[in-house]
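K.L.:
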Amino acid sequence: MGVARYVNMAFVALGLLLWIVTSSFYGWAMGLVSASVNRPLIGVNFRLADLLGLLTAIAVTFYLRRHERVSTFSMEVGNELSKVTWPTWQETRLSTIVVIVVTIVIAAILGLFDSVWAFLSALVYKV
């Protein structure tokens, strides 16, 4: 797959995210005005706020995709990401295990410090 295909998929993901956010915002704003403003259009699950959110997301996504600076920047990011050497599955698993073990060791050390200070505090406060 070429870099342009990944960039286009990123714009589609951006559009879907914008749809979710803007339809929630429009639903909230319409709820402030009146509950009857946000009417169901197609069934009960697709309301006016969803349509407005969809139209806003499409417009913003197409605007950003056609904008020269944004398009150039996103293609440059895609090109740089294609040059990255990503870790293998084995390296990722090993790194994850190392992080988990180190976290457990640090938690044990902090628990030990807490126990010592709790014991010393109990001695001081009993006096």
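Numbering (the numbering used here), first residue to last: 884 to 1010. Here a beta-carbon is modelled for each residue, glycine too, at the ideal position from N, C-alpha and C. Source: prediction; values computed, not measured.
Determine, using beta carbons only, whether residue 936 and residue 889 come nearer to each other than 7 Å.
P.N.:
Against the sequence shown, residue 936 aligns to sequence position 53. Against the sequence shown, residue 889 aligns to sequence position 6. No, Cβ-Cβ distance for residue 936 and residue 889 is not below 7 Å.
K.L.:
Report back the beta-carbon spacing between residue 904 and residue 913 to the nearest angstrom; my notes put them in contact at under 8 Å.
P.N.:
Here residue 904 refers to the residue found at position 21 of the sequence shown. Here residue 913 refers to the residue found at position 30 of the sequence shown. With a Cβ gap of about 15 Å, residue 904 and residue 913 do not count as contacting.
K.L.:
Can the beta-carbon of residue 995 be found closer than 7 Å to that of residue 943?
P.N.:
Taking the first residue of the sequence shown as 1, we reach residue 995 at position 112. Taking the first residue of the sequence shown as 1, we reach residue 943 at position 60. No, these two residues do not count as a Cβ contact at 7 Å.
K.L.:
Just how far apart, CA to CA, sit residue 929 and residue 897?
P.N.:
Residue 929 sits at position 46 when you count from the first residue of the sequence shown. Residue 897 sits at position 14 when you count from the first residue of the sequence shown. Going by the C-alpha atoms only, they are around 20 Å apart.
K.L.:
Determine the extent of the alpha helix (DSSP H) in which residue 985 is found, giving its start and end residues.
P.N.:
Numbered from 1 along the sequence shown, position 102 holds the residue referred to as residue 985. Segment 972-1009, the alpha helix (DSSP H) holding residue 985.
K.L.:
Taking residue 940 as the reference, which of 980, 972, 909 has the closest Cα?
P.N.:
For the purposes of this step, residue 940 is taken as residue 57 along the sequence shown, with counting starting at 1. Nearest option by C-alpha distance: 909.
K.L.:
Measure how close the beta-carbons of residue 895 and residue 965 come, nearest whole angstrom, since I'm counting them as under 8 Å.
P.N.:
Position 12 of the sequence shown, counted from the first residue, corresponds to residue 895. Position 82 of the sequence shown, counted from the first residue, corresponds to residue 965. With a Cβ gap of about 19 Å, residue 895 and residue 965 do not count as contacting.
K.L.:
Taking just the CA atoms, how far does residue 931 sit from residue 947?
P.N.:
On the sequence shown, position 64 is the one that residue 947 refers to. On the sequence shown, position 48 is the one that residue 931 refers to. For residue 947 and residue 931, the distance between alpha carbons rounds to 24 Å.
K.L.:
Are the beta-carbon atoms of residue 954 and residue 933 separated by less than 7 Å?
P.N.:
For the purposes of this step, residue 954 is identified with residue 71 of the sequence shown, where counting begins at 1. For the purposes of this step, residue 933 is identified with residue 50 of the sequence shown, where counting begins at 1. No, they are not a contact pair.
K.L.:
Name the two residues that bound the continuous alpha helix (DSSP H) containing residue 922.
P.N.:
Here residue 922 corresponds to residue number 39 of the sequence shown, with the count starting at 1. First-last for residue 922: undefined, no H or E at that position.
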